[in-house]
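This report refers to the structure that appears directly beneath it.
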Amino acid sequence: MTTSPGQAPALELLAADHYSQYLIRETREIAYVLRQVASHRAMITAYFGKTGEFLLTSVLEITADNRHILLDLGKDSELIGKAMSEGQLLCATQIEKVKIQFVLEQIELTDHEGFPAIRAPLPGLLLRLQRREYYRLAAGTLDSLNCHIPLPGGRMINARVLDISGGGIAIIAPPEGNSLEADKVFDNCRLDLPDSAPVIVSLHVRNIFRMKTRGGQEVMRVGCQLLNLPAAASNQIQRYILKAERERNQYRN
0 MTTSPGQAPA LELLAADHYS QYLIRETREI AYVLRQVASH RAMITAYFGK
50 TGEFLLTSVL EITADNRHIL LDLGKDSELI GKAMSEGQLL CATQIEKVKI
100 QFVLEQIELT DHEGFPAIRA PLPGLLLRLQ RREYYRLAAG TLDSLNCHIP
150 LPGGRMINAR VLDISGGGIA IIAPPEGNSL EADKVFDNCR LDLPDSAPVI
200 VSLHVRNIFR MKTRGGQEVM RVGCQLLNLP AAASNQIQRY ILKAERERNQ
250 YRN
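Under numbering that gives the first Met the number 0, the first residue of the sequence shown carries the number 0, and numbering increases by one thereafter.
Take a look at the structure:
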């Protein structure tokens, strides 16, 4: 299967400078995400060349040493020949509403369990982008994550985090006397991540509503956007989300 001539893929990975905070560079995390792609049997669109032609494929295996990836080869010999001559595949897929994109280079033909396949070194870079830009980790998988918000007059709110993403957090705050109002910005907030240095962030309050806990206590749920987050801090949050998600999946299995 091919796209029409001249139709190049419009992928976020091609604008890596803009989406740098969603790029994964750590080999073990990349291998983990790609094994998720394999376990979901997600279809991959592998683009090659300048005209937007593509192969439809899937991940067969990530080698035990995390050094190589194997893809299903397909049956269109002419298209396969074109892809191999380019030597590079720009791969895009999606699992559970999360976009995943990566580039494979040094591709070569090989065998996998008696069938032809494509083999390539594990990509050194992978984009993981939730549909609305962020993947959100819910409270059930959080381990006592807290955010400390300085208030006027030297006071401080120590709030429990309900969920977290690369773009924001939701917290639980007391219903009275917290000075949290929609559209307010709070600087120098400290987000405590387990097994990691605290992350200093600015929070833009986007929405507030009252809710009751299972015990009947009334609290405020406050949704906040993370403002001007440095790339290093964003990567730190993304690493925490990936680690927590990986541990949750291992517990379920």
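Glycine included, C-beta positions come from ideal geometry on N, C-alpha and C. For clarity, every value in this text was computed on a predicted model and none was experimentally measured.
Original post:
What does a CB cutoff of less than 7 Å around D182 pick up in its chain, not counting 5 residues either side in sequence?
Top reply: Against the sequence shown, residue 182 aligns to sequence position 183. The answer, listed in chain order, is V204.
Subject >> Whole-number beta carbon distance between A30 and C90, since they are thought to touch under 8 Å >> reply: Within the sequence shown, numbered from 1, the residue matching residue 90 stands at position 91. Within the sequence shown, numbered from 1, the residue matching residue 30 stands at position 31. With a Cβ gap of about 15 Å, C90 and A30 do not count as contacting.
Original post:
Which word fits V221, buried or exposed, when buried means at least 16 other C-beta atoms lie within 10 angstroms of its C-beta?
Top reply: One-based indexing of the sequence shown puts residue 221 at position 222. Under a 10 Å Cβ-count criterion, V221 is classified as buried, with 16 or more other Cβ atoms of the shown protein chains found around its own Cβ.
Subject >> M0 - DSSP class collapsed to helix/strand/coil >> reply: In the sequence shown, residue 0 corresponds to position 1, counting from 1. Because M0 carries a pLDDT of 38, less than 50, the predicted location of this residue cannot be relied on, and the following value inherits that uncertainty. In this structure, M0 counts as coil in the three-state DSSP scheme.
Subject >> Given I61 as reference, the closest of S84, Q100, P120 and P115 once Cα atoms are compared >> reply: Counting from one through the sequence shown, the residue named residue 61 turns up at place 62. With distances taken between Cα atoms, I61 lies closest to P120.
Subject >> Contact check, K81 vs F47, beta carbons under 8 Å >> reply: Residue numbering aside, residue 81 sits at position 82 when the sequence shown is read from its first letter. Residue numbering aside, residue 47 sits at position 48 when the sequence shown is read from its first letter. Going by C-beta atoms, K81 is nearer than 8 Å to F47.
Original post:
Roughly how far, in whole angstroms, is the beta-carbon of L108 from the beta-carbon of P115, given that I think they are within contact range, below 8 Å?
Top reply: One-based indexing of the sequence shown puts residue 108 at position 109. One-based indexing of the sequence shown puts residue 115 at position 116. Yes, L108 and P115 are in contact; Cβ-Cβ is about 6 Å, under 8 Å.
Subject >> For H67, the residue or residues it bridges with in DSSP >> reply: On the sequence shown, position 68 is the one that residue 67 refers to. Looking at the DSSP assignment, H67 forms a beta bridge with P120.
Original post:
According to DSSP, what are the bridge partners of I199?
Top reply: Counting from 1 along the sequence shown, the entry for residue 199 is found at position 200. Answer is R189.
Subject >> Residue closest to L69, alpha-carbon to alpha-carbon, out of Q105, R209 and Q93 >> reply: The residue you call residue 69 lines up with position 70 of the sequence shown. Minimum Cα distance to L69 is reached at Q105.
Original post:
Which residues in the same chain as E25 place their Cβ atom closer than 8 Å to its Cβ, once the five residues preceding and following it in sequence are excluded?
Top reply: Counting from one through the sequence shown, the residue named residue 25 turns up at place 26. Around E25: R238.
Original post:
Helix or strand or just coil, what does DSSP make of T56?
Top reply: Position 57 of the sequence shown holds residue 56. DSSP places T56 in strand when its eight states are reduced to three.
Subject >> Backbone CA spacing between N65 and V36 [nearest angstrom] >> reply: If you number the sequence shown from 1, residue 65 lands on position 66. If you number the sequence shown from 1, residue 36 lands on position 37. The straight-line gap from Cα to Cα measures roughly 15 Å.
Original post:
Which residues in the same chain as N206 place their Cβ atom closer than 7 Å to its Cβ, once the five residues preceding and following it in sequence are excluded?
Top reply: Locating residue 206 in the sequence shown gives position 207, counting from the first residue. Excluding positions up to five away in sequence, the list reads A181 and G222.
Subject >> A92 (DSSP reduced to helix, strand or coil) >> reply: The residue labelled residue 92 in the question sits at position 93 within the sequence shown. Note on residue identity: the sequence assigns Thr, not Ala, to residue 92. Looking at T92 - three-state DSSP - the assignment turns out to be strand.
**OP:** Would you give the residue range spanned by the beta strand (DSSP E) that L225 belongs to?
**Re:** Indexing the sequence shown from 1 puts residue 225 at position 226. From DSSP, the beta strand (DSSP E) with L225 extends over E217 to L226.
Original post:
At what residues does the alpha helix (DSSP H) containing R27 begin and finish?
Top reply: Position 28 of the sequence shown, counting from 1, holds the residue named residue 27. Segment T26 to S38, the alpha helix (DSSP H) holding R27.
Subject >> Whole-angstrom C-beta distance between Y21 and G165, which should lie under 8 Å >> reply: Position 166 of the sequence shown, counted from the start, is the residue given in the question as residue 165. Position 22 of the sequence shown, counted from the start, is the residue given in the question as residue 21. Beta-carbon to beta-carbon, G165 and Y21 are separated by about 6 Å, close enough to satisfy the 8 Å threshold.
**OP:** Have a look at P173, V58, R154 and E85 and flag the residue whose alpha-carbon is nearest the alpha-carbon of C188.
**Re:** For the purposes of this step, residue 188 is taken as residue 189 along the sequence shown, with counting starting at 1. C188 has its Cα closest to that of R154, out of P173, V58, R154 and E85.
Subject >> Distance, L190 Cα to V97 Cα >> reply: Against the sequence shown, residue 97 aligns to sequence position 98. Against the sequence shown, residue 190 aligns to sequence position 191. C-alpha separation (whole angstroms): 24 Å.
**OP:** Alpha carbon to alpha carbon, how far is I23 from G73? Give it in angstroms, no decimals.
**Re:** As a first step, residue 73 must be located in the sequence shown, where it is residue number 74. As a first step, residue 23 must be located in the sequence shown, where it is residue number 24. About 28 Å.
Subject >> R284 burial status per 10 Å Cβ neighbour count (16 or more: buried) >> reply: There is simply no residue 284 to check, as the chain begins at 0 and stops at 252 in what is shown.
Subject >> Same chain only: Cβ atoms within 7 Å of M210, ignoring 5 sequence neighbours per side >> reply: Walking along the sequence shown from the start, residue 210 turns up at place 211. Contacts found: V218 and R220.
Subject >> Neighbourhood of Q87 by C-beta distance below 8 Å, restricted to the same chain and skipping five residues each side >> reply: By one-based count along the sequence shown, residue 87 stands at place 88. So the qualifying residues of the chain are F47, V102, L103, E104 and I106.
Original post:
Does the distance from the CB of A172 to the CB of V200 come in under 8 Å?
Top reply: Counting from one through the sequence shown, the residue named residue 172 turns up at place 173. Counting from one through the sequence shown, the residue named residue 200 turns up at place 201. No, Cβ-Cβ distance for A172 and V200 is not below 8 Å.
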